[in-house]
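Structure first, commentary second.
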Amino acid sequence: MATIEDIGVSAAINILSAVIFLLAFAFLRLQPINDRVYFPKWYLKGSRQSPSHGGAFVRKFVNLDMRSYLKFLSWMPAALQMPEDELISHAGLDSAVYLRIYLTG
Numbered sequence: 006m007a008t009i010e011d012i013g014v015s016a017a018i019n020i021l022s023a024v025i026f027l028l029a030f031a032f033l034r035l036q037p038i039n040d041r042v043y044f045p046k047w048y049l050k051g052s053r054q055s056p057s058h059g060g061a062f063v064r065k066f067v068n069l070d071m072r073s074y075l076k077f078l079s080w081m082p083a084a085l086q087m088p089e090d091e092l093i094s095h096a097g098l099d100s101a102v103y104l105r106i107y108l109t110g
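For the sequence shown, our numbering assigns the number 6 to the initial residue and increments by one for each residue that follows.
And the structure:
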């Protein structure tokens, strides 16, 4: 039978893993090279373009704006307060259904 130490170690490992994956997601979604992965609808609608071929080579792959890293979770409150029709057009039906299930508990 599991002791309280075993449960504590398991909880610590799971919490640490969750934090690491959340930070990795937050970091990778801010990189310009990953825009097509995280924001494909923006490219289909034409509201976003691929990183330009001109300019610094590094800027195409790495976001050097440090302010964007400080507010990396600012999209969460906006998504929770967004009307359902706007959420469907912005993120898709699966996101709206998931958010509705999450909010109703």
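Built from N, CA and C at the ideal position, the CB exists for glycine as well.
In terms of Cβ geometry, L104 and A83 do not form a close pair [threshold 8 angstroms]. The residue among M71, L108 and V67 with its C-alpha nearest the C-alpha of M87 is L108.
Restricting attention to L28, F44, L92 and P45, the CA atom closest to the CA of L75 is found in L28.
In terms of Cβ geometry, I38 and F77 do not form a close pair [threshold 8 angstroms]. Contact between L92 and S100 holds, since their C-beta atoms are separated by about 6 angstroms, short of 8 angstroms.
Membership of N39 in any alpha helix (DSSP H) is not indicated, and neither H nor E is assigned to it by DSSP.
The continuous alpha helix (DSSP H) containing T109 extends over residues L98 to T109.
Within the same chain, no residue comes within 6 angstroms of D90 by CB-CB distance, once the 5 residues on both sides are set aside. When secondary structure is reduced to three states using DSSP, K76 falls in the coil class, being assigned neither helix nor strand. C-alpha of G13 to C-alpha of K50: approximately 48 angstroms in a straight line.
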